[in-house]
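Under the UniProt record's numbering, the first residue of the sequence shown carries the number 1, and numbering increases by one thereafter.
Note that beta-carbon positions come from the ideal geometry of N, C-alpha and C, so glycine has one too.
The model shown is predicted, which means the values in this text are computed figures rather than measured ones.
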Amino acid sequence: MMWNYGMLVPEVTALHRAVRGTDNQLDCITSTLSPCDIPTTVRAHVHASTTTSPQHNQPITWRSPVLVDMHTQRNHKFKLKRQFLEMHGQVLYLGKHPTSMQVLLHLDDVTAVEPSCLEPHSLLVVTASTYILVALADEREYTRWKALLRHARPLGYDGTLQIKAHDDVPTVDTTLRTDWSVAECMAHVGLDEDKFCIHVNGTSQYWTDPSACLEDFAPPGKSLQLTAVSYPAPQISTSSRSMCNALNVRFHKICHVFQHVVDVKGGHRHLTERLDSTACVLRLEVVEGSHVHCAVDTAPFLLMPDNSRHLDNVWYTLWNVPAASLTSSWRLMCTVFAVTNQPEEDGQGNDDASTTWTKLATTGMQLRHVDGDVVDGHTHLQLLDSTADLLHGPLPLGVVHGAPFVHMEFQWQDLDFTRRPSQQLAALSDSTIMKQGLVHVLQSSSGGGGGRLGSGKLWSHWVSKWCVLTSHGHIVLRPVDHTDPGAGTTKLMSFSLTDATSFHVTDKLNATSRRSSNAGSKSTQKVHTTHAFTIDVDAATTLVLGVATRNGRDDWLHTLRVATSSVAARKSIDWSFRGTSLSDDTTTSADDHVSSIITNHHWLQWLLERMAQDPLFALSSYQRSLLWQFRQSLPKTFALLPRLLTCREWRQPMYHDELVSLLDTTLPPAHPTEYLSLLGRPLAHLRIVREFAIDKLDSALDDDMLATVLPQLVQCMKWEPYAASRLVSWVVHRAVDGAPMLLGVPLFWALHVESFVPHYTQRFQLLVQAYLMAAGRSMRRMLHNQLDLCQHLHRIARDMQTAAATSSLDSQLRARLCALNVSFAGRLSLPLHSKCTLVEFISSECRVLKSPKRPLWLTLETASRTKVRVIFKAGDDVRQDMVTLQLFGLMQQLWRDANIPVQLQLYECVATSPSSGVVEVVGDAITTAAIHKEGGVLGPMQDMRFAKWLETQNASSPKHYMQALDLFRRSAAGYCVATHVLGIGDRHNDNIMMTRRGQYFHIDFGHFLGHCKYHMNFKRDQTSFVFTKEMAFALGGTESPFFATFVALCGRALNQLRQHVHLISTWLTLMVPANMLELQDVHDIYFVVEALVMDLTPTEAALDFAGKIQTCLGDPYKRIDNTIHNLVHLLRP
1 MMWNYGMLVP
11 EVTALHRAVR
21 GTDNQLDCIT
31 STLSPCDIPT
41 TVRAHVHAST
51 TTSPQHNQPI
61 TWRSPVLVDM
71 HTQRNHKFKL
81 KRQFLEMHGQ
91 VLYLGKHPTS
101 MQVLLHLDDV
111 TAVEPSCLEP
121 HSLLVVTAST
131 YILVALADER
141 EYTRWKALLR
151 HARPLGYDGT
161 LQIKAHDDVP
171 TVDTTLRTDW
181 SVAECMAHVG
191 LDEDKFCIHV
201 NGTSQYWTDP
211 SACLEDFAPP
221 GKSLQLTAVS
231 YPAPQISTSS
241 RSMCNALNVR
251 FHKICHVFQH
261 VVDVKGGHRH
271 LTERLDSTAC
281 VLRLEVVEGS
291 HVHCAVDTAP
301 FLLMPDNSRH
311 LDNVWYTLWN
321 VPAASLTSSW
331 RLMCTVFAVT
341 NQPEEDGQGN
351 DDASTTWTKL
361 ATTGMQLRHV
371 DGDVVDGHTH
381 LQLLDSTADL
391 LHGPLPLGVV
401 HGAPFVHMEF
411 QWQDLDFTRR
421 PSQQLAALSD
431 STIMKQGLVH
441 VLQSSSGGGG
451 GRLGSGKLWS
461 HWVSKWCVLT
471 SHGHIVLRPV
481 DHTDPGAGTT
491 KLMSFSLTDA
501 TSFHVTDKLN
511 ATSRRSSNAG
521 SKSTQKVHTT
531 HAFTIDVDAA
541 TTLVLGVATR
551 NGRDDWLHTL
561 RVATSSVAAR
571 KSIDWSFRGT
581 SLSDDTTTSA
591 DDHVSSIITN
601 HHWLQWLLER
611 MAQDPLFALS
621 SYQRSLLWQF
631 RQSLPKTFAL
641 LPRLLTCREW
651 RQPMYHDELV
661 SLLDTTLPPA
671 HPTEYLSLLG
681 RPLAHLRIVR
691 EFAIDKLDSA
701 LDDDMLATVL
711 PQLVQCMKWE
721 PYAASRLVSW
731 VVHRAVDGAP
741 MLLGVPLFWA
751 LHVESFVPHY
761 TQRFQLLVQA
771 YLMAAGRSMR
781 RMLHNQLDLC
791 QHLHRIARDM
801 QTAAATSSLD
811 SQLRARLCAL
821 NVSFAGRLSL
831 PLHSKCTLVE
841 FISSECRVLK
851 SPKRPLWLTL
861 ETASRTKVRV
871 IFKAGDDVRQ
881 DMVTLQLFGL
891 MQQLWRDANI
901 PVQLQLYECV
911 ATSPSSGVVE
921 VVGDAITTAA
931 IHKEGGVLGP
941 MQDMRFAKWL
951 ETQNASSPKH
961 YMQALDLFRR
971 SAAGYCVATH
981 VLGIGDRHND
991 NIMMTRRGQY
1001 FHIDFGHFLG
1011 HCKYHMNFKR
1021 DQTSFVFTKE
1031 MAFALGGTES
1041 PFFATFVALC
1051 GRALNQLRQH
1061 VHLISTWLTL
1071 MVPANMLELQ
1081 DVHDIYFVVE
1091 ALVMDLTPTE
1101 AALDFAGKIQ
1111 TCLGDPYKRI
1121 DNTIHNLVHL
1131 LRP
């Protein structure tokens, strides 16, 4: 239930108008309507609402005595204990007594809320690492808690939730006919269609099209709770009144600020109690992209006991805001800080030095609405927790009931008030910074950051610092938790490099550590290396620093040498686009100028080589300046275009022609999907660039290729300022007008899955509804049937996981599927098989697989009497399988274009939520574990096992056997290279399969990018890919010519991927916002860059991979691990 709709309705209306550019919807509606003598009806409860919100918006609070227990495993036998469970806003508390409640979890961590059969009236609350069983007292409490949890976090599979308003407002009960249009329904209840739209409570459905039919939104006999929302009153046009470049903002009230500080560490959300006596400060910033134009802070204030406060009647003025020429990239950010005073260390009374700023909440709004009007008058903005990044992408629209918010007022007038300036870090201005970033400093146990290295280094440890290198030869280190730049400088450590003698790579000080993946399982870990280098500051001081990658270390060392080089070389760099110059001295001799140009060209060549080798290379301020200065002499390759676009702030209209010229003169990329790099977050504020990329993609991509990159395009929708955007309308129109089954079905599921991601839920719920509105009635019905069926299968899979292992799981599954055959008769549909008509589940061939997550093996019969087989997974992030298979398809295409005879076996996979999905079963294939078992318990140790099995399966003809061996060689080469490059983990013999004709392939990609399984602190994947002696034996042995062709084929395949490292990294980088468990940031993608050994020549890379093949053959643990794996599954009931 929305407490305040704000500008939500205009944005929804603009979105529906943008996707309604096709006639498919109207044709479908008119063709499927049939007259009926007795029209079916819908029961409606209409709730009146206006743009003026009630005065009170209290957070949802409820407490109940419950029986509760929690565990990290689903199939654990829960032991319930009597506790009190309390919900306050977005936080759940648990305690033995109401006066001793402790934080249990934040509702953004909840991935599902499910009914449980373990106890009467019980719910299972699922997070990434914990299962919490809650048993309620009666049916009433059960219904209330299910509604509260689902309302606060719309996840799980319990269907549509309906919550009534908490305020006393006019309501009317009525009956609506399903053959009525929306206009007729609104006329029936006395509403003007030009002034109101209808919101279906508990959903993201908005009825904005008066010509749409009610049957498209509600099935007959259903009871709906509706809210009539009035459109905002039109504002005065900006062209008809005097506008100035000063935005005046006044705060009226801030309500229900979060009681806890939210922080994300290691992928998990941590809550810290906020002190009630802490003063708060509101910071206003006007931003365009990542550039902050101006900022202002309020005076500190204290919150009342209800975490609210009426603020002083003060206007705050933000200058340099061009009201007449605002674009969609301009937005106003409002951040709430908690300001605390710490004990002073030096006792000198420095107030700034003793102040700590902690981010509590944030919100924002576009300075120009989607309808073109600039922001003006009163508005309510919902506050999000401190983890939200609102510089790009969706901003909160409206205020949800019970959510924290701030009430603000805007005026575009010259008011005679003094602007309160934002706090700046006086010691470091932007014009002097050459490079900055996170480093690790090796410190002794006493805490010293410098000093001579000696025997005491054994007692040292790495400490994270934020490092800043200035053009004047100074290096500054400060704590990474230094939240606010104005909080003083007492914790800064500054070193002058004027007398620095040397900078060295120090590999002997490199440190490695294992960290658990964000999935919460300690058995899944990834090795992280800190690459060390030293700086001899002077004769008495040596700094030991470390960074996460080798390329990053090389960049720091190179920039350090530049910073300490001649002043003349730095003075020749043009920094005018930033408005300042690095050097204060503008006089340079002719000899110095010539020398500096030669030096700059040398640095430029190093920079171009580094960018070619490392697609993730982050440009520093100095490097952007150098690149922009020599832009005319740079090659016109597309790989340089995204980096060149970040070298200038394109705010001024005078730069428009130069930007267009830069886009037009750049050569097209080698692969058309490289245009996707222009749709990412760094360039989201450049509308011209995004439209250029969309035009190129539209002309270059056919429907098949567009379907392949749909996941990346859906992620790019997150960076659009409005839900109604050119990107959204283009993708929807291609899906509706082109190939509905090929594009429409995967688009719907991609949008649906993203609605589970925190801070993006509202946008993608609106996008799902907009696509369904444009798709037509028949497509809507099919997708709703698929969603309904997947919800049922999800519940069945969860019940199988919680059932006792001794019970007959297969019989329970078959009974449930027989019931689904009845309830889904005539409407059975799955995301993977939308093109064929499914008749029923063949329950006798369905079973529960013997796996920790107990996936469901399902066999279905089609109308043509054929069988299709799928696996439904619950509890696994199938999106990682989708990304892996997508990249396998890209590799296959690149190898095919280069005439490299490598063969990969691709299969379909669709995620239905962040923790569930449907996977296609490859026919005529068995696992290598089954092949090993034919040789008994020690089958994995027998060299001839694969060759003997292939010979048995192709005994009819020697020609067929040789063809099977050749296919095995080509497929094994492809998967050795592909799994090595993507760092696929958990490669036991149940995750590798083979067909009877020799096709070798991998399945189940739950761990990638270097994440591996550990058992008893021992790494199960000792080698970077799987190549065992039985595989070499099938190729004729390591001395055979056939094996030599296999090694050569691997080298060719690897070198082909090395030529497209930018393309592979682009596809992966665009998937980072999906918030997958093992793809959290670009540091995870560095695994791919390092695996491709871009610093080697093609010959050296091929020889390096040949050495890795020999390493795999010499390592015995994979065969031992396969033997243990088979033995464990043999003993498992």
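Within the same chain, and ignoring the five residues on either side of L662 in sequence, the residues whose Cβ sits closer than 7 Å to its Cβ are L644. Per DSSP, the unbroken alpha helix (DSSP H) holding E691 starts and ends at 687 to 700. Pairing V1088 with V981, the inter-Cα distance amounts to about 5 Å.
DSSP assignment within the region 762 to 811 yields the following whole alpha helix (DSSP H) runs of 4 residues or more, N-terminal first: 777 to 802.
Less than 8 Å separates the beta-carbon of P901 from that of R970. For H71, DSSP records a beta bridge to Y131.
When secondary structure is reduced to three states using DSSP, Y675 falls in the helix class.
Assignment of A735 by DSSP, reduced to helix, strand and coil, places it in the helix class. At the C-beta level, W319 and E288 stay beyond 8 Å of one another. Under the criterion of beta carbons closer than 8 Å, L271 and V262 qualify as touching, at roughly 6 Å. Residue environment for I688: exposed (fewer than 16 other C-beta atoms within 10 angstroms of its C-beta). Within the region 868 to 947, complete beta strand (DSSP E) segments of at least 3 residues are found at 909 to 913, 916 to 920, 925 to 927, given in chain order. Of all alpha-carbon atoms in H833, E720, A511, the one lying nearest the alpha-carbon of T530 is that of A511.
Boundaries for L492: no beta strand (DSSP E) harbours it, and the DSSP string shows neither H nor E there. Residue nearest to T1023 within the set C1012, V753, M1016, P232 is C1012 (criterion: CA-CA distance). Taking Q83 as the centre and dropping the five residues before and after it, the same chain places the C-beta of V66, V68, L94, G95, K96 closer than 7 Å to its C-beta, in chain order.
Between L15 and A770 the beta-carbon gap is near 5 Å, inside 8 Å, which marks them as a contact.
A distance of 8 Å or more separates the beta carbons of M741 and S829.
Three or more Cβ pairs drawn from the region 1049 to 1059 and the region 973 to 987 lie within less than 8 Å of each other, which places the two stretches in contact. Within the model, the alpha-carbon separation for T564 versus Y907 is close to 55 Å. For C185, the enclosing alpha helix (DSSP H) covers residues 182 to 188. DSSP places G95 within a strand segment (E or B) once states are collapsed to three.
Here I1120 is exposed. Its C-beta has fewer than 16 other C-beta atoms within 10 Å. Closest in C-alpha terms to L303, from the list Q791, L282, F748, comes L282. Residue burial is scored here from C-beta neighbours: Q605 has fewer than 16 other C-beta atoms within 10 angstroms and is therefore classed as exposed. Taking a C-beta distance under 8 Å as the contact criterion, G402 and Q58 qualify as a contact pair.
CA-CA distance, K718 to N954, rounds to 51 Å. In this structure, DSSP gives Y316 an extended state, which the three-state scheme calls strand. Residue nearest to C836 within the set R865, S823, G372 is R865 (criterion: CA-CA distance). The beta carbon of F968 lies closer than 7 Å to those of L950, G998, Y1000, A1034 in the same chain, with the five residues before and after it left out. Judged by DSSP in its simplified three-state form, A1106 adopts helix. In the displayed model, V709 falls within coil according to three-state DSSP, outside both helix and strand.
Distance from the Cα of R651 is smallest, within the candidate group D924, S460, V292, for V292. For T72, the CB contacts under 7 Å within the same chain, skipping 5 residues up- and downstream, are S129, T130 in chain order.
Here A228 really is in contact with L191; their C-beta atoms are around 5 Å apart, less than 8 Å. For M434, the uninterrupted beta strand (DSSP E) run begins and ends at 433 to 443, by DSSP.
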